[in-house]
Amino acid sequence: MAAGKLGDLLVKKGVVSREQIAEATAYSRQNRVRLGSALIQLGHVNENVFASFVAKLYGLTAVSLDGLSVSSDILELVPRSLAEKHTLVPISIEGSSLTVAMADPSNVAAVDDIRFLSNMDVVIHIAGENAIISAINRIYGTNDADPGQKIASKFGEGSGPENTGQIEVGKLDEAHEVEGEGIGEKPIIKLINTLFMEAIRRKSSDIHIEPYNEFSRVRFRIDGSLHEVMRIPQAMRTAVPSRIKVMAHLDISEKRLPQDGRIQVKTKRRKIDVRVSTIPTIFGEKVVMRLLDQGESTPSLLGVGFEESQYQAFKLAASQPYGMVLVTGPTGSGKSTTLYAALSELNGPDVNISTVEDPVEYKMAGINQVQMKEGIGLNFASALRSLLRQDPDIIMVGEIRDQETAEIAVKAALTGHMVFSTLHTNDAPSTINRLLHMGLEPFLITAALTLVQAQRLLRINCPNCIQDDNSITPEQLIAAEMPKNWIQTFKAKKGVGCERCGNTGYKGRKGVFEVMPMTEKLRTLVVKKASSDEIKRQAIRDGMITLRQSAMVKLYRGETTFEEVLNNTRPDGDLKS
Numbered sequence: 009m010a011a012g013k014l015g016d017l018l019v020k021k022g023v024v025s026r027e028q029i030a031e032a033t034a035y036s037r038q039n040r041v042r043l044g045s046a047l048i049q050l051g052h053v054n055e056n057v058f059a060s061f062v063a064k065l066y067g068l069t070a071v072s073l074d075g076l077s078v079s080s081d082i083l084e085l086v087p088r089s090l091a092e093k094h095t096l097v098p099i100s101i102e103g104s105s106l107t108v109a110m111a112d113p114s115n116v117a118a119v120d121d122i123r124f125l126s127n128m129d130v131v132i133h134i135a136g137e138n139a140i141i142s143a144i145n146r147i148y149g150t151n152d153a154d155p156g157q158k159i160a161s162k163f164g165e166g167s168g169p170e171n172t173g174q175i176e177v178g179k180l181d182e183a184h185e186v187e188g189e190g191i192g193e194k195p196i197i198k199l200i201n202t203l204f205m206e207a208i209r210r211k212s213s214d215i216h217i218e219p220y221n222e223f224s225r226v227r228f229r230i231d232g233s234l235h236e237v238m239r240i241p242q243a244m245r246t247a248v249p250s251r252i253k254v255m256a257h258l259d260i261s262e263k264r265l266p267q268d269g270r271i272q273v274k275t276k277r278r279k280i281d282v283r284v285s286t287i288p289t290i291f292g293e294k295v296v297m298r299l300l301d302q303g304e305s306t307p308s309l310l311g312v313g314f315e316e317s318q319y320q321a322f323k324l325a326a327s328q329p330y331g332m333v334l335v336t337g338p339t340g341s342g343k344s345t346t347l348y349a350a351l352s353e354l355n356g357p358d359v360n361i362s363t364v365e366d367p368v369e370y371k372m373a374g375i376n377q378v379q380m381k382e383g384i385g386l387n388f389a390s391a392l393r394s395l396l397r398q399d400p401d402i403i404m405v406g407e408i409r410d411q412e413t414a415e416i417a418v419k420a421a422l423t424g425h426m427v428f429s430t431l432h433t434n435d436a437p438s439t440i441n442r443l444l445h446m447g448l449e450p451f452l453i454t455a456a457l458t459l460v461q462a463q464r465l466l467r468i469n470c471p472n473c474i475q476d477d478n479s480i481t482p483e484q485l486i487a488a489e490m491p492k493n494w495i496q497t498f499k500a501k502k503g504v505g506c507e508r509c510g511n512t513g514y515k516g517r518k519g520v521f522e523v524m525p526m527t528e529k530l531r532t533l534v535v536k537k538a539s540s541d542e543i544k545r546q547a548i549r550d551g552m553i554t555l556r557q558s559a560m561v562k563l564y565r566g567e568t569t570f571e572e573v574l575n576n577t578r579p580d581g582d583l584k585s
C-alpha cells in the first residue's frame, strides 16, 4: 500500500494527526525507512498499536513475538539473511503452510522469496518492526554459528558403510586426508565431506551445486533424475566452490571462466574418482561433480538389459577378429558400461586389449588403459596412433569426437584390429550420416563398420511398492505404438513410492537398445548416401528392434512405466514395418 494512502487512513481513524504524518513522511524520505517505521521512531504511535492497525487493515492477525521459540528445521527454510532483508521472522509450520510474522504485509517480493525457498504456502501474521528485529537476533543468534555442522547434521549419520569412518579427498594421484584432528572440524570441510558421503550412500552419479540470490541449491542425480537434497545458506555460497576448487587444484582466484579438474575421494570400502566442472553464473559459480565409482565390479553383457536377439547380434559382432562396433546415445545413457561389459567377456591371456579414455571409468585387470591428458597433447588421436604400434588385438576409444580420430579408428579396423567406440547420435541409423558429415568416405564406412547400437536407460519400477496403474488408456497405448494384440493382455505397472526407493517409485535402471548389424542391403544404401530414414526402414526390415519397441517390451513386462517409455524414446511412425 502506498505511504500516502496509509497516512490518510491513519489520520481518518484518528491514530495520528495530519501534521505528524507530514513530519513522518519527511523523516522517512530523509532516512529511507517506511512510513510506519518513521511514525514509531518519532514517537507518534506505539509499535503494538500500529501493528494492530495494519493487521485490521489487511484482515490479518497481529501476534506478539515475546518468548518466541522456533525449531532449527524451520530456521533452515528461512535463512537469517532473508529474514533481515525483508524484516520478517518464521513462526511455525502446519501441514504445507509456513507461518511468518512481517512488518509490511504488502511486500510481495518477500512472500515470493519465502515461497520459492521453502516450497510451501505462506501464511502472514503482523508484528512490530522492532519486535521482529529483536526476535531475529534472539532466535538466529546461535543458530548460524556453525552452518557446516548444521547442514551436515541434516543428513544424520546415515545407514551406509561410507558414513562410518574417515573420508579422504585429494587429487587423483595426490590423495590427502582432510577430516581428522583440527582441520576436519572446519564447517566448510564438514559440509563437503558430508555431501560426498551422502552422494556415495545414495548411489548418486552427479552432484549439482547451483547458486541463487539467497542460497545455493544442492541436487543429486540418482537413477538419471535430479533430486534436491539441501539448500546452503548465503553465508557459505562462495566458500563451497572455493573449497572444491582447492581440492581439485584449480585456480580459486579465477571466477570469470569455466574450469575443469579432478578429485579422488576415498572411504574405507571404495575409491571414487570425481570429475569437477565449474562455470560462472549471475549469482556465483555453479559446480557439477561426476562421481565415478572405482569400487564397482565390471558389468556383464547379459546384465545390461539386452533382448535375446539383440544380445546374440551384439555378441557376434564383438567377437569378430576385426571391424568396428559403435555404441551411440546421449551422455549418461550407459554407453561406456556396455563397452566395458563387452571387453570383460573378450578379456583373456591370449588377447591384447588397449583403451584410450577420458576419464578411465572402470579399472580392469589385464587391459591396458590410457588416460587422456589434453594439457600435454595426449588426445584421442595421438594416443590411438601410438596404440597401433603396441600390437593390439582389440582397441576401445572412449569417444570419436572429430574427423582425425574417426579416420584413425576406421583405418585400425581395416588393418586387422577390432575397434570399439562411442558416438553421440539419436539412434543407430543416424550414426551413418554422422560419420559421413565427419568427412569419412562411404566405402570406408561400409568396409570397417560391423554393427551400430543405440541405447537409453529407463528407470525400473521399485519391486517393493509396485502396483497396477489404471490411468493408462488403450488409446494412449495405441498412440505410443504398442502392438494392438498386446493391449488386451497388458496391465500397466508403477511404483507408488516407499522408503527403499526414496519415494520415487523407481529402483535402478536398465538399458533399451537398438542393435543394427551392417547387412549387405544396408551397405548398399550407405554407398548411395541414403537418408537416415531410408537406412532405418531397411534395418527394421532386416529385423532390427527399435528403441521404442525395446522400451515397449519392458513396459509390457511391468519393468518400467509408460512415462519412462515416452520420456526416453520416440515413436517410429511410418518407418515401422
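Under my numbering, residues 9 to 585 are what the sequence shown spells out, in order. Cβ coordinates follow ideal geometry from the N, Cα and C atoms, glycine included.
Around the Cβ of residue i, are there at least 16 other Cβ atoms within 10 angstroms (buried) or fewer (exposed)?
{"i": "I486", "result": "exposed"}
{"i": "V108", "result": "buried"}
{"i": "L203", "result": "buried"}
{"i": "H133", "result": "buried"}
{"i": "P87", "result": "buried"}
{"i": "Y348", "result": "buried"}
{"i": "V427", "result": "buried"}
{"i": "Q475", "result": "exposed"}
{"i": "N576", "result": "buried"}
{"i": "Y66", "result": "exposed"}
{"i": "N201", "result": "buried"}
{"i": "P482", "result": "exposed"}
{"i": "T289", "result": "exposed"}
{"i": "L448", "result": "buried"}
{"i": "I453", "result": "buried"}
{"i": "L346", "result": "Sequence check: residue 346 is Thr here, not Leu. When all chains shown are included, T346 counts as buried."}
{"i": "F388", "result": "buried"}
Going by DSSP, name the residue or residues bridged to residue i.
{"i": "T363", "result": "Q377, M404"}
{"i": "R209", "result": "None; R209 has no bridge partner."}
{"i": "V5", "result": "A query on residue 5 cannot be resolved here, the shown segment of the chain reaching from 9 to 585 and no further."}
{"i": "I280", "result": "V273, D301"}
{"i": "F322", "result": "Answer by DSSP bridge pairing: none, since F322 is not bridged."}
{"i": "N469", "result": "Y514"}
{"i": "V451", "result": "Reading off the sequence, residue 451 comes out as Phe, not Val. In the DSSP output, where bridge partners are listed per residue, F451 has none listed."}
{"i": "R239", "result": "R225"}
{"i": "Q475", "result": "K502"}
Under a three-way DSSP split, which group does residue i fall into?
{"i": "V226", "result": "strand"}
{"i": "M110", "result": "strand"}
{"i": "P5", "result": "An answer regarding residue 5 cannot be provided, because it is not within the stretch 9 to 585 covered by the chain."}
{"i": "I129", "result": "Correcting the residue identity first, residue 129 is Asp in this sequence and not Ile. D129 falls in the strand class under three-state DSSP."}
{"i": "F498", "result": "coil"}
{"i": "A462", "result": "strand"}
{"i": "T512", "result": "coil"}
{"i": "K492", "result": "helix"}
{"i": "S630", "result": "As shown, the chain starts at 9 and ends at 585. That puts residue 630 outside it, with no answer to give."}
{"i": "A566", "result": "A small correction: the amino acid at residue 566 is Gly; Ala does not occupy that position in the sequence shown. Three-state result, G566: coil."}
{"i": "V335", "result": "strand"}
{"i": "M608", "result": "Outside the displayed span of the chain (9 to 585) sits residue 608, for which this structure offers no information."}
{"i": "T33", "result": "helix"}
{"i": "F291", "result": "coil"}
{"i": "G505", "result": "coil"}
{"i": "V41", "result": "coil"}
{"i": "L574", "result": "helix"}
{"i": "I480", "result": "coil"}
{"i": "D268", "result": "strand"}
{"i": "G310", "result": "For the record, residue 310 in the displayed sequence is Leu; it is not Gly. DSSP places L310 in helix when its eight states are reduced to three."}
Is the closest heavy atom of the ligand NAP to the C-beta of residue i under 8 Å?
{"i": "I141", "result": "Questions concerning the ligand NAP fall outside what the structure shown contains, since it holds no ligand whatsoever."}
Only counting the same chain, and skipping five residues up and downstream in sequence, which positions put a Cβ closer than 8 Å to that of residue i?
{"i": "R508", "result": "C470, N472, C473, K515"}
{"i": "K518", "result": "V312, G313, L465, L466, I468, K562, E567, T568"}
Only counting the same chain, and skipping five residues up and downstream in sequence, which positions put a Cβ closer than 6 Å to that of residue i?
{"i": "Q28", "result": "H52"}
{"i": "V378", "result": "V364, A391"}
{"i": "E189", "result": "Low local confidence applies: a pLDDT of 38 at E189 is under 50, so the model's placement there is unreliable, and no value is given."}
{"i": "T95", "result": "A111, E137, I140"}
{"i": "R578", "result": "none"}
{"i": "D154", "result": "Its pLDDT being 49, under 50, D154 is placed unreliably in this model, and the value from its coordinates should be taken loosely. Once the five neighbours on either side are set aside, the close Cβ partners of D154 are P195."}
Could you check whether the Cβ of residue i sits closer than 9 Å to any Cβ belonging to chain C?
{"i": "I122", "result": "Of the protein chains in this structure there is only one, and it is not chain C."}
Under 7 Å Cβ to Cβ from residue i, same chain only, skipping five residues before and after it: list those, please.
{"i": "L50", "result": "E31, A32, Y35"}
{"i": "G168", "result": "Residue placement at G168 is poorly supported in this model, since its pLDDT is 45, which falls under 50; the coordinates are not used for a value here."}
{"i": "Y330", "result": "A421, G424, H425, M426"}
Counting only runs of 3+ residues fully inside the segment 382–427, write out the beta strand (DSSP E) ranges in chain order.
Restricted to the segment 382–427, the beta strand (DSSP E) segments that are unbroken, complete and at least 3 residues in length are 402–405, listed in chain order.
Please give me, in chain order, every unbroken run of the beta strand (DSSP E) with length at least 3 that falls completely inside the segment 55–111.
Complete beta strand (DSSP E) runs here, min 3: 96–102, 105–110.
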